[in-house]
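Respectively, the protein sequence lines represent chains Z and R. Our numbering numbers the first residue of the first sequence as 1 and each following residue consecutively. Our numbering numbers the first residue of the second sequence as 1001 and each following residue consecutively. Think of the CB as a built atom: it goes at the ideal place given N, C-alpha and C, for glycine as much as any other residue. Model, not experiment: these values are computed from the prediction. Take a look at the structure set out below.
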Amino acid sequence: MYKIAAVGDRDSIFSYAAVGISVFPAETPQDAVARIRELAGAEYAVIFITEKLASGISAELDKYRNSPVPAIIPIPGIGGSTGLGMENVSKAVEKAVGSDIIN
Amino acid sequence: MARLNVNPTRMELTNLKRRLTTARKGHRLLKDKRDELMRRFLILVRENKELRRRVEAAVDEANSHMLVARSVMSSEELDTAMMLPAREASLEVSEKNVMSVILPEYQVTFNSSNEGDIYSYGFAYTSSDLDRGVKFLSEILPDMLRLAELEKSCQLMADEIEKTRRRVNALEHVLIPQYEETIKYIVMKLDENERSSTTRLMKIKDSMLAEQRAKDAALDAEALADFSGEDISDLPDEE
């Protein structure tokens, strides 16, 4: 049985605790990397991470791109969307098709 | 295009022909796989984009409620309210095999089935914005998980499509031409060998004939010389 986690700055993610998601505050990219490594090793199948934090550790996130578990999904933090999530989708399209054909 | 470094023998030719057939068959299969993967990928990715747009908007909305809640409540109060979640979500992850790509499927369950259990606090000391934010989040949670599922699937499929495309291209532009070239080379070489052995045989035949003719001529000359002095008119006629 897997669980769901949320990683990000405290203000952005504290509310997810209410819906049953385990919340792990991380303020710096280093914290986030360590936290994600730990979570990926544990039973977390879905990890939501704030876009702001994700943009700093994209190299680390790419490691999990091709493994079925965990799915690391960027979500907008309290400061609003930075467009990183959309960019990731476009990147997948670019990888598969050769150019981003879906807008 | 370089040909393979093999001996031009009949056995190699048979082997290569068999490998070429296999390569062609594999190429056709992989091409089909790529096309089907691409079709499914495009369907998924369209849904993915659409869903992401919706989820991002909803998360923004929830965040704005939370922001208000945070500003009207002290951080201790808020932490207390959130300290003990009323229910915990757990995920059942199953796998779906699409063209040999393993895609995850999530099924979320809560350890409490009561819908009202999303509020982990009494309403007395908390802001109504917090309630609204929490309600919003719990409403979009299924969408968020669907998004996670789709996004992961898209990433995995994109990876597989890239791999398959590389294989198709390698077969189409490297391996198959290489085999064809080598087969052509061996056929030419074998034909050439055959022609050269034919001409060699003809040459040998010619020289042997010439030799024989020279020998006959020498014998004739000898016989002529032997009988040249003798009168052959009184030899009895053959009847």
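Of the residues the options, the one placed nearest residue i, counting alpha carbons only
i       : options                               : result
L1103/R : P74/Z, P68/Z and L61/Z                : P68/Z
S1153/R : R1213/R, K1096/R and A1214/R          : K1096/R
N88/Z   : I78/Z, G77/Z and D62/Z                : D62/Z
N1169/R : R1010/R, L1004/R, T1014/R and R1028/R : R1028/R
D11/Z   : G79/Z, G98/Z and S99/Z                : G79/Z
A32/Z   : S99/Z, S81/Z, A6/Z and P76/Z          : A6/Z
T82/Z   : D1079/R, A1057/R, L1224/R and T1080/R : A1057/R
A59/Z   : E38/Z, Q30/Z and F48/Z                : Q30/Z
L1037/R : L1209/R, D1220/R, S1100/R and K1189/R : S1100/R
L1190/R : P1008/R, S1094/R, D1032/R and E1012/R : P1008/R
R1052/R : L1201/R, E1192/R and M1144/R          : M1144/R
Whole-angstrom C-beta distance between residue j and residue i, which should lie under 8 Å
i       : j       : result
S1090/R : K3/Z    : 6 Å
K1017/R : I1161/R : With a Cβ gap of about 31 Å, K1017/R and I1161/R do not count as contacting.
V1055/R : L1147/R : 5 Å
M1082/R : A54/Z   : 23 Å between Cβ atoms; not a contact.
L1020/R : Y1179/R : 4 Å
E1061/R : F1136/R : 6 Å
I13/Z   : V23/Z   : 5 Å
V1068/R : D1129/R : 4 Å
E51/Z   : P25/Z   : Not confirmed; about 16 Å, so no contact.
E1149/R : Y1106/R : 5 Å
I49/Z   : G8/Z    : 6 Å
A1023/R : I1140/R : Wrong, their Cβ atoms sit about 50 Å apart, outside the cutoff.
R1165/R : R1034/R : 6 Å
I57/Z   : Y64/Z   : Actually they are not in contact, since the Cβ atoms of I57/Z and Y64/Z sit about 11 Å apart, beyond 8 Å.
Outcome for residue i when other beta-carbon atoms lying within 10 angstroms are tallied against a minimum of 16
i       : result
P70/Z   : buried
H1065/R : buried
A34/Z   : exposed
G1133/R : buried
M1/Z    : exposed
P1142/R : exposed
K1049/R : buried
S15/Z   : buried
A45/Z   : buried
N1111/R : exposed
T1109/R : exposed
V1187/R : exposed
V93/Z   : buried
S1138/R : buried
L1201/R : exposed
Cross-chain neighbours of residue i in chain R, by beta carbon under 9 Å
i     : result
K95/Z : Q1155, A1158, D1159, I1161 and E1162
V69/Z : V1093, P1104 and K1152
F24/Z : Simply none; closest approach about 14 Å.
I57/Z : Going along chain R, no residue has its Cβ under 9 Å from I57/Z, so there is no contact; the nearest lies around 16 Å.
K3/Z  : E1088, A1089, S1090 and L1091
A92/Z : F1041, V1045, N1048, E1151, C1154, Q1155, M1157, A1158 and D1159
Chain-ordered chain Z contacts of residue i [CB-CB under 9 Å]
i       : result
E1172/R : By Cβ distance, chain Z contributes nothing, its closest Cβ being about 16 Å from E1172/R, past 9 Å.
M1038/R : A96 and V97
M1066/R : D11, S12, F14, S15 and I78
V1098/R : Within chain Z, no residue comes near V1098/R; the closest Cβ sits about 12 Å away, beyond 9 Å.
Contacts that residue i makes with chain R (C-beta to C-beta distance below 7 Å)
i      : result
G130/Z : Past the edges of chain Z, shown from 1 to 103, lies residue 130/Z, and the structure says nothing about it.
Contacts that residue i makes with chain R (C-beta to C-beta distance below 8 Å)
i      : result
A45/Z  : L1091, V1093, P1104 and Y1106
R65/Z  : Q1155 and D1159
V89/Z  : V1045, N1048, K1049, R1052, E1151 and C1154
I102/Z : L1042, V1045, R1046 and K1049
Chain Z residues whose Cβ lies nearer than 7 Å to that of residue i
i       : result
N1169/R : Near N1169/R there are no residues of chain Z at all, since even the closest Cβ is about 12 Å away, more than 7 Å.
E1056/R : P76, S81 and G85
G1133/R : S15
L1141/R : V19
M1082/R : F14, A17 and A18
Beta-carbon neighbours of residue i, restricted to chain A and to distances below 7 Å
i     : result
D11/Z : Here chain A cannot be found, since the structure's protein chains are Z and R.
Residues that residue i contacts on chain Z, provided the C-beta gap is smaller than 8 Å
i       : result
S1138/R : A18 and V19
L1147/R : I73
D1060/R : P76, G80 and S81
Can you confirm whether the segment 1041-1058 of chain R touches the segment 1150-1166 of chain R when touching is taken to mean that 3 or more C-beta pairs between the two stretches lie within less than 8 Å? yes
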